[in-house]
Structures are given as C-alpha cells and as structure tokens.
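Data block below; observations after.
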Amino acid sequence: MSRHLSVLLITLVVASNTSSAHQAERVCTPEQWEAVVVGKVAEQSQGKFYIVDVVGKAAADYGKGLIGLSESVFSQGQYVGSYLYLNTKSASYLADVVNRNCQKLPPVTVEQPCSDSRWLTYRTSWLVGGTQWSDTYQYNNGSSKTTVTVMRDNFAMISENVEHVIEGVPQLVTLQYGNMTKGITDQSIFNIPSYCNI
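Residue numbers (mature numbering (1 follows the signal peptide of the UniProt record, and there is no 0)): -20 to -1, 1 to 178.
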C-alpha cells in the first residue's frame, strides 16, 4: 500500500507544479490551498489487475514549501488503511497511520504554479458551466505522463491522470479535486507524526 501512497505523493507534487502557458494574463494557483481528493490507483502485476479507491484531503503552502496529503484507501469497498504524505523544505515523510510506520525521504521542491510556466503542453479547453472554462495540459517526466485539468480563471485543479511504471509495474492514477479553496483551515495536515522522528 505504501507504493500506492508514493504514487499519490508523486502525483500531488507534479500537480502542484502544474500551470498553464495558454493564458494571456498571468494567473496563479493560490499560495495556500486545500481540497478534497478522491480517486483510484490501478495497476497490473503478475498477470492480475488491482484497483484501490482513495479518499482524502490535500493542502499546499508554497511559501513554506509544504505539501500534505491525508488519505484513506479502500479495496473492493473494504478499508485497507490510512496514510499521510508530508513534504517540508528539509524532508518528506510517508506514514502508515494505522501501523505507525514512517519513511523519511528527501524533500521535493515545490513551486506555486502560474500560467506562464512553459513546461506543459496545452491539449484542449472545456466549457464547464456558463462562462467558466477549464484547460487541459500534459506534462511528461521520463516514462511518466501526467494530464492535468485546471480552472482557467484561478488555476484550481479539477483532475489529473498519471500513467507511469513503478518498480516494473504499470500504474494509472486518477484523481479528482473537489472544493479547492484558498487558504488552509486545518494546519494539522502539516504536522509530522511523533512516530516519524526517525
């Protein structure tokens, strides 16, 4: 299960660095934001196909270099576990909350995404209601391909799909971001668990 969380962590960090070169006027994701995250991780391993469901919350504070993801994972409707990913300027942590296990990893550099970033390829736009538009972009990093859809006016993430191979296993991660809001009401998502003092 920690591999699934690692995938989501990578996905979240890539998404947090996602922006649009399609805009005429510079627009940025809020410096601080939080959102509800739901999604699936699918992989094929040893001739079998596995899918897990993910429900959680995510937050970012770009000024402090913080990314947090707290999630519950389900397989075939059955609870599998709860996991936490936290990135700080000095380290990243991947924690199994139920079993109180923790891995300390190197930190990931995070930047506030803005419309003038040049490393995304624009793919398409969608009218999502009334006069609101979303833009879809693609980002390639080695063997990983990420497709992200954002609201055009405020760069709030709507969804992302990541196709990649981890330890020889092909995976597809799909995430939907809901109720993405400016600011962070619950700063505890950035607390390092006591059992992570490695």
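Think of the CB as a built atom: it goes at the ideal place given N, C-alpha and C, for glycine as much as any other residue.
Can you give me the start and stop residues for the beta strand (DSSP E) that residue i sits inside?
i, result
"Tyr65", "Gln58 to Asn67"
"Gln151", "Val149 to Lys162"
Measuring straight from C-alpha to C-alpha, what distance separates residue i and residue j?
i, j, result
"Val7", "Asn81", "39 Å"
"Pro87", "Leu64", "15 Å"
"Asp33", "Asp76", "16 Å"
"His144", "Val128", "15 Å"
"Thr104", "Asp115", "6 Å"
"Ile164", "Tyr42", "12 Å"
"Glu147", "Leu85", "17 Å"
"Ile31", "Ser139", "18 Å"
"Val53", "Lys20", "9 Å"
Between the Cα of residue i and those of the options, spot the shortest distance and give me the residue it belongs to.
i, options, result
"Ala22", "Gln56, Thr104, Leu85 and Leu64", "Gln56"
"Gln167", "Ala39, Val34, Val77 and Glu147", "Ala39"
"Asn121", "Tyr30, Gln12, Leu100 and Gly148", "Leu100"
"Asn67", "Ser97, Arg132, Thr161 and Leu49", "Leu49"
"Gln151", "Phe170, Trp106 and Thr126", "Thr126"
"Gly36", "Val18, Gly45, Ser124 and Pro10", "Val18"
"Ile169", "Ser124, Leu107, Tyr73 and Tyr117", "Tyr73"
Output needed for residue i: all residues of its chain with C-beta closer than 7 Å, excluding positions within five of it in sequence on either side, in chain order.
i, result
"Asn159", "Ala15 and Val16"
Excluding the 5 residues preceding and the 5 following residue i in the sequence, name in chain order all residues of the same chain whose CB lies nearer than 8 Å to its CB.
i, result
"Phe29", "Ala22 and Glu23"
Which runs of the beta strand (DSSP E) at least 3 residues long sit entirely within the region 50 to 128? Give them in chain order.
Correct list: 58 to 67, 72 to 76, 81 to 85, 101 to 109 and 112 to 121.
In chain order, which continuous runs of the beta strand (DSSP E) of length 3 or greater are located wholly inside the region 6 to 37?
12 to 25
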